[in-house]
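Asks: Residues in the sequence shown are numbered from 193 upward in steps of one, following the working numbering.
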Amino acid sequence: MMQQILLLFVTITVGYNGVSGATDPCFSYISLNDSTRLTSYTLKNGESELSDAFLTTGWYRNVHRSDGDLMTTCPNQTDCGTIFPVWINGTLPSKGKIETVQACKHTFVGCCGSSSTIQVKRCDGFYVYNLHPMKASTGRYCFRGSRRCTGSESSLTGYAPCSSSHLSFRVAPRVSPGLTNNPGQRHLKFTCAGVSSMYRSLQFDVVWEVEGTEVNRKLNLSYSSLLTDGRLIEREWNVTGQNIGMHVRCAIRAHNTHSSTAFYYSQKFYAGFEIRQPRITVNSGDTAVVGIRTTVPIACPSIRPHCTIYIEMFDLSEQLPRNTQCNRNMTKLDHHNHSHCGVKFDGFRWRTYQNMVISALADQQYRSQYTAILKLRTLQNDYDSLWNNFVLPDIKVVITDPGVASKKGHVCKSITDPHIKQFDSTSYYGRQFASIGEYILYKNKEKPYSVQTISTNITDFGNCAVGVQAGADIFIIYGCEYPGKWVFKRYCSKDTNRLDIYEKDNGRNYEVHLPSGTYIVIKISPIYQSHYLDVEIHISPSEWNKTEGLCGTFNGNRYDDRIDRSGKTVSSDEQFTKAWSVSPTESMFVEKSRTAKLDRPYYFCSCNNVIGTDFHQSATCSWREGLPLCPSLNWNEQECSYRSKRDADGLIDDTEIDAPLSLVAYQPPPSNLAEWKNGWNRTSATEYCTRIITGSSAFAACKRHTTVNDSDSISICISDIQITGHTKFSSGAVESFKSTCSNEVRLNTSLWTSSTQGHISPAEEVMAMQCPNDCKQENVARGTCVQGTCQCFNRYTGPDCSIDINASPVLYPPTSNNLCDRSKASCGGVSLFGSNFDHSSDMKCKIQVMKSGNDADTTTVDTVSTIGAIKKSFSEVLCPLGNVRKRRSGSSSLSRYTQLMVSVSNNANNYSAPVPVVIYDSTCMMCTMPGGRIVCKQRNDICVTGDVCYSLSSEKCRNNKKHDDDDGDDKEDDHNNDKNSNMWIIGAVLGGLALIAIIGGVLYKFCVKSKMHVHDQYIGETYEDLHVYSNPPAATHYKK
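1) If you drop the 5 nearest sequence neighbours on each side, which residues of the same chain put their C-beta closer than 8 Å to that of SER779?
2) Looking at THR739 and ASP752, is the spacing between their C-beta atoms short of 9 Å?
3) Bridge partners of PHE667, per DSSP?
4) Whose C-alpha, out of LEU790, GLY748, ILE908 and ARG757, is nearest the C-alpha of SER606?
5) Hey, quick one: how far does the alpha helix (DSSP H) through ILE731 stretch, first residue to last?
6) Could you tell me which of ASN448, GLN434, GLY433 and VAL402 sits nearest to LEU411, measuring between CA atoms?
7) Any chance you could list the alpha helix (DSSP H) runs of at least 4 consecutive residues sitting entirely within the region 847-877, in chain order?
8) Tell me where the alpha helix (DSSP H) around LEU790 begins and ends.
9) Taking all protein chains shown into account, do 16 or more other C-beta atoms lie within 10 angstroms of the C-beta of HIS358, making it buried, or fewer, making it exposed?
10) Distance, Cα to Cα, CYS977 vs TYR502?
11) From the DSSP output, read off the bridge partner residues of PHE537.
12) Quickly, what does DSSP pair ALA463 with across the bridge? List them, please.
13) Go ahead and pull the three-state DSSP assignment for ASN737.
14) Just confirm the distance between the C-beta atoms of ILE884 and ASN998, as a whole number of angstroms; I'd bet it's less than 8 Å.
15) From the DSSP output, which residues share a beta bridge with GLN644?
16) Determine the direct distance from the alpha carbon of SER863 to that of SER911, and round the result to whole angstroms.
17) For TYR233 versus GLY273, is the C-beta distance shorter than 9 Å?
18) Just to confirm the assignment, what range does the alpha helix (DSSP H) spanning MET959 have?
19) Is THR608 closer than 9 Å to ASN475 when the C-beta atoms are compared?
20) Helix, strand or coil, according to DSSP, for GLU703 in the structure here?
21) Starting from LEU1070, follow the beta strand (DSSP E) in both directions and report where the run begins and ends.
22) Could you compute how far the alpha carbon of VAL603 sits from the alpha carbon of HIS730?
23) Thinking THR1052 and MET1042 are a contact (beta carbons under 8 Å), I'd like their distance in whole angstroms, please.
24) Identify whether TRP542 lies in helix, strand or coil by the three-state DSSP scheme.
25) Taking the beta strand (DSSP E) that HIS918 falls in, what are its first and last residues?
26) Ends of the beta strand (DSSP E) at ALA564?
27) Measuring straight from C-alpha to C-alpha, what distance separates PRO1106 and MET1093?
28) With DSSP as the reference, label ALA446 as helix, strand or coil.
29) For MET961, count neighbouring C-beta atoms within 10 Å of its own C-beta (all shown protein chains included) and say buried if the count is 16 or more, exposed if not.
30) Where DSSP assigns a beta bridge to ASP397, which residues make up the other side?
31) Near TYR545, which residues of its chain fall below 7 Å by C-beta distance, leaving aside the five closest residues on each side in sequence?
32) Between the region 359-377 and the region 300-308, do at least 3 Cβ pairs fall closer than 8 Å?
33) According to DSSP, is LEU284 helix, strand or coil?
34) Do the region 429-447 and the region 391-402 meet, that is, are 3 or more Cβ pairs less than 8 Å apart?
35) Are the Cβ atoms of SER329 and SER243 separated by less than 9 Å?
36) Can you find at least 3 beta carbon pairs, one from the region 563-572 and one from the region 691-706, that sit closer than 8 Å?
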C-alpha cells in the first residue's frame, strides 16, 4: 500500500540554564508534547504515517508524561503513528551519566531491521535524548504512553490503568514566591503551598507549568519535603526561555501505595512587574502618577544598604491613527540611549507601589483626547540578573483636552518682504518692518528655544537667513552672501540632539520640530537667484504665555504683543522692531557668538544631564513637552551628524557661516515704502493678486473643506507689489495660503476620514493639490499637479519643474568657499553653488588643474579629470578633489598653490562655465578674495628652507641669515681692495642697466595689460602677488 510521508510540525521550546561553556542537556533541551508519539496512539487504516526524516538534531525530552521514556521493548509496528517505530535496545543509564545506546527500527524484517546509535542522559526525574533525523524517509522515535486519567480517576502514574480514588484529599494549591538561601547567591524560587498538615501521612506529586508548558514533575514527596524538594527553581524554568514576566502554575495530588487522587491545579500566578493602573486618564499639560511594584521578591543581598533596580522611561509616544496623511515611518524610538527618567525601584520594598510622575504632552490637533503609550524598561543591575533589560507592560495614557481649543492653531509668520503676523493677531503688520539686521522672531522665556532671522535688501527686502535653536542644537539656513547661494548647516552632537528636522523638494522646504511641540516651516523662494525665505512658527499650547519676540506674547490677547525686552509696551512698529534686533554677541549667524551659544551648558532639564548619572523619578524633566505633529508624506528626516568633520574620504563640510557684523546690525527702513511704483496701483494689484491666489491648484479644495481666509494672502500680495513695484513675491503669498490650509488639515483629525465609503478623505483631497509652487516658475506653468507631485512638461524636471534639462547648470561667482587652506582642512572637496542642478541625473564635476608658478603660463591646463558630483541641495553640489588636493602645481614647494578650474554638468556633456578654486597653505601664503577675485601672496614673515616654510623668528631662519652674513664677511676684504679702482666701471654699468630697466618695464606693462584685456583670463602677475580673476578663460591650452 502506497504510504504518504508527512512532516509533523511540533511546537518546540528551547531554554538555557545560563551556564557558560558546555550546556547541560538537562537544562537545555527541546520539549516534545505530542500524543501521537506514544504507544497508546496506533496508526489506523487509511491514515498517513508520520516520520522523523526532517527532525532537527538535538537533545529532546518527552514532557507528555514523566515516565514516558523511549521504549526499551519492541513496540508494535503501527504504534506511535508510524509503520516503523524506533526503540532502545538495552537499558537506560543511571542518573548523571550520558551513555550511547542502540536505537532499533522495527521493520518488516524484524524488531531491529536497522539500527543506529543515540545518546541518553538521566536527569532529575526524567531522561533526555540526543536524537537525529531518520536516514531513510520512514521511521519515528516511539515513547511509552497510555491514556491520561481524567475526572475522579487516578493512578500512581496518572495514566491508564486508571481507577476511582478512595483517598480523602481536598486542596486549593497556590503558587508562593520566595528566595533560596544559598550562601553564595540568592535566587528566585516558587513553592506549591496550601496542603494541610492533616495529610502528612500521604505522599505527593507536584507538577510545575510555565506559560502552559510543563517544566518539571516532582514525584513521591513526603509532606515535610513539599516546600523544599517540591519547589521550582530558576534553572528548571529556564528551559522555557522565560526570564521574568511569566505565568506560573502548579498542580498537586496525593497518593499511597494503593491509590492516587486527581491533580488539583492552582490559579496562574504572574511573576513580574505589576502596574497599579495600566490605563491612566489625565488632562493635557497635567501630571499623572504611575505606581509600580513586583509580585515576586528581588534577590537583594542579605546585607544592606542598597538594592536598586533602575526602571527608565524610554518612550512616550502617541498611538498614531490610521490615516494616510501621517508619515508613520518618522516615528522613531530610541531603544539604546538612556533617558535618565524613571523609577529608582527599591528591591527591599518590592511589595510596595513605587511611583513615577509623567507629564501629559500638550496636543496641537483639534480633538478631545489622544492616547499615548508609555514604555518602561529595566537597566542592568548587580543584584539579580533576572531583572536585566526587561521591558515592562505598556501603559496607556489617555490625555483629554478640556477647554484648550483656543490655544491651538496659532501661527506667527514672517513672509515675503517681510510681513509679520503675530501669534494672537488676525492680520499682518510690518510695512515698517522693512529694516535691515538680525531679529529675534520667537523666544521661549523659560527654555532655550528661539528663532532668529536676518532681513536684508540685497535686491529686495526679505528674510535671507533663519536660525532655529533648542539648547546646543542649532539649525541654520543662510542665503545672505550671494543671491541664490543657500547654505544649510546643523550644529549638534549626539548628546545635544533636540531638534527633529524634515525636508523635501531638495531642500527648498523644511519643517523643524522643537521639543515643546512647536514646529517651524521654512520655505525658500523658488525664484531664480532668490535671496529670501518665508518662516512660519506653529506654536504649541505648551508654550502658552511663555513667548516673546517679534511674534509677540502667545496668550490670546492681541493688545499686549508690542512689548520690548524690558516688558514695556511700545507705541510704534519701528520701536518694537528695534527692541528685538540682535547685537553681534547674541547672533546665531556670527561664528564667535554662535560658538558661545553651543558651548553654554543647557542643563535646565536634569534628565539630559549627561555629565552625571543621576536618575530622576519624574518624566517632567524630559525635553519633550509637546506631542510632535506627525510629518506629512514625502518629507525626509534630517539626522544630526555625529561624526567628526573629516570623513573616511577626506571630504569635510568646510562651508562655514560667519555673517559680517554690518549684516546683523540694525538699520531703519526707508521712507518711501508707501509709494506705488512702476505703474502699479491698488486696483491693478488687487486684480492680479486675486487672480493668482484663487487660481492656485489647492484653492478650491481648501475653500471646500477648511475655513482658511484668502483675503490675508491677497492683502500680502498687494502690499508686496506696492513696496517693490514688481510681482516676484506673489508666489510667496500663494504658498502662504496653501501652507495655512495644509496646517488646518493636519490639525483637524475629523478631516482624516471620509464620510462616504470608497471616497478619499478631505485631507487627502487637499494634500493631493499641495504641489511645490504649483509647478510654476514666475507664475508660468511647467507641469501639472497630480496627487501632490508635479508631473513636469517635456524639457523640465525637479520637484517643482524648475530645472531645464536642455540647459547647463549655472555656477555662481566664487566666494570664500572657493579658497581652501590645507593647513586647516583636508581640502577633499569643494562646495559649488548655483542653479539648474538636476538631482535625478548622474551629475559630474570637471576639474582642470592649471599650470602655475614662475616658470609656467598660468592659463595652461596641466591635467583634466572628471568625477561624480555629490548632491547636497537644490543650490549646492560637492565636487570631490581626490588626489588633486595633494598637487603643488608644478612644484612640491609648500610656498606654491594649486589653481583649479571646476565646472559641473547634469549629463557629462554640457558643462557650466568654470569657476576658480585655489588650494594653498596659509603657513606659506595668504589668499583673499577682494572684489570677487582671488589674490594670493607669499607671506612676508617667513623664510623657506628645505621646501618648508618657517617663521622669521624661528631658529631655522636665524641660522640661514647667519650663514649668509658669514659668507659676506669673507668676501668683504677683497671687495674693498678693488673698490676704488672699479668704481668708475660700476657707475657706467649701473647707468646702462637703469636705462634698460625703464624701457623694459614700460614695454612689459603695456604687453601684460593688453593680454589681460584681450583674453580676460585668470593669470598670475608675479610669484609674490598672484591675482586669479573671477571671469573664466576664453580658451584653455592643454599640456602637450
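Ideal placement from N, C-alpha and C gives every residue a C-beta, glycine not left out.
Replies: Looking at the coordinates:
1) If you number the sequence shown from 1, residue 779 lands on position 587. If we look at SER779 and ignore the five residues flanking it on each side, its Cβ neighbours are GLU630, GLN644, SER785, ARG786, ALA851 and VAL856.
2) Taking the first residue of the sequence shown as 1, we reach residue 752 at position 560. Taking the first residue of the sequence shown as 1, we reach residue 739 at position 547. For ASP752 and THR739, no; Cβs fall outside 9 Å.
3) Position 475 of the sequence shown, counted from the start, is the residue given in the question as residue 667. The partner list for PHE667 (beta bridge, DSSP) reads VAL660 and ARG682.
4) Taking the first residue of the sequence shown as 1, we reach residue 606 at position 414. Per the Cα distances, ILE908.
5) As a position in the sequence shown, residue 731 is number 539, starting the count at 1. Taken as a continuous stretch (DSSP letters only), ILE731 belongs to no alpha helix (DSSP H), as it is neither H nor E.
6) For the purposes of this step, residue 411 is taken as residue 219 along the sequence shown, with counting starting at 1. Answer by Cα proximity: ASN448.
7) 853-856
8) Along the sequence shown, read from residue 1 onward, the residue named residue 790 stands at position 598. First-last of the alpha helix (DSSP H) with LEU790: 783-791.
9) Stepping through the sequence shown from its first residue, residue 358 is reached at position 166. Answer is exposed; the Cβ neighbour count stays below 16.
10) Position 785 of the sequence shown, counting from 1, holds the residue named residue 977. Position 310 of the sequence shown, counting from 1, holds the residue named residue 502. Cα-Cα distance, rounded: 53 Å.
11) Translated into the one-based positions of the sequence shown, residue 537 becomes position 345. DSSP, once it has assigned bridges, lists ILE501 as partnering PHE537.
12) Here residue 463 corresponds to residue number 271 of the sequence shown, with the count starting at 1. The partner list for ALA463 (beta bridge, DSSP) reads MET438.
13) Looking up residue 737 in the sequence shown gives position 545. If DSSP states are grouped into helix, strand and coil, ASN737 belongs with coil.
14) Residue numbering aside, residue 884 sits at position 692 when the sequence shown is read from its first letter. Residue numbering aside, residue 998 sits at position 806 when the sequence shown is read from its first letter. Wrong, their Cβ atoms sit about 27 Å apart, outside the cutoff.
15) The residue given as residue 644 occupies position 452 in the sequence shown. BP columns for GLN644 point to ILE632 and GLY659.
16) To locate residue 911, count along the sequence shown from 1; it is residue 719. To locate residue 863, count along the sequence shown from 1; it is residue 671. If I take the Cα positions, the gap works out to 15 Å.
17) For the purposes of this step, residue 233 is taken as residue 41 along the sequence shown, with counting starting at 1. For the purposes of this step, residue 273 is taken as residue 81 along the sequence shown, with counting starting at 1. In this structure, GLY273 lies closer than 9 Å to TYR233 by Cβ.
18) As a first step, residue 959 must be located in the sequence shown, where it is residue number 767. Element bounds for MET959: 954-959.
19) Taking the first residue of the sequence shown as position 1, residue 475 is located at position 283. Taking the first residue of the sequence shown as position 1, residue 608 is located at position 416. Cβ atoms of ASN475 and THR608: not closer than 9 Å.
20) To locate residue 703, count along the sequence shown from 1; it is residue 511. Strand.
21) Counting from one through the sequence shown, the residue named residue 1070 turns up at place 878. Here the beta strand (DSSP E) through LEU1070 covers 1068-1072.
22) Along the sequence shown, one-based indexing puts residue 603 at 411. Along the sequence shown, one-based indexing puts residue 730 at 538. So the alpha carbons of these two residues sit roughly 5 Å apart.
23) Start at 1 with the first residue of the sequence shown, and residue 1052 comes out as number 860. Start at 1 with the first residue of the sequence shown, and residue 1042 comes out as number 850. With 8 Å as the limit, THR1052 and MET1042 qualify as a contact, their Cβ atoms being about 7 Å apart.
24) In the sequence shown, the residue the question calls residue 542 occupies position 350. Reduced to three states, the DSSP call for TRP542 is coil.
25) Within the sequence shown, the letter at position 726 stands for residue 918. Segment: none, HIS918 is in no beta strand (DSSP E) and carries neither H nor E.
26) Here the question's residue 564 lines up with position 372 in the sequence shown. That run of the beta strand (DSSP E) goes 561-570.
27) The residue given as residue 1106 occupies position 914 in the sequence shown. The residue given as residue 1093 occupies position 901 in the sequence shown. Taking the straight line joining both Cα atoms gives about 6 Å.
28) If you number the sequence shown from 1, residue 446 lands on position 254. It is a strand residue.
29) The residue you call residue 961 lines up with position 769 of the sequence shown. Buried: at least 16 other Cβ atoms inside 10 Å.
30) Your numbering for residue 397 matches position 205 in the sequence shown. ARG445.
31) For the purposes of this step, residue 545 is taken as the residue at position 353 of the sequence shown. Excluding sequence neighbours, TYR545 sits near ARG468, GLY483, ILE484 and ARG485.
32) no
33) Numbered from its first residue, the sequence shown carries residue 284 at position 92. Coil, per DSSP.
34) yes
35) What you label residue 329 is simply residue 137 of the sequence shown in a count that begins at 1. What you label residue 243 is simply residue 51 of the sequence shown in a count that begins at 1. In contact: SER329 and SER243 (Cβ atoms closer than 9 Å).
36) no
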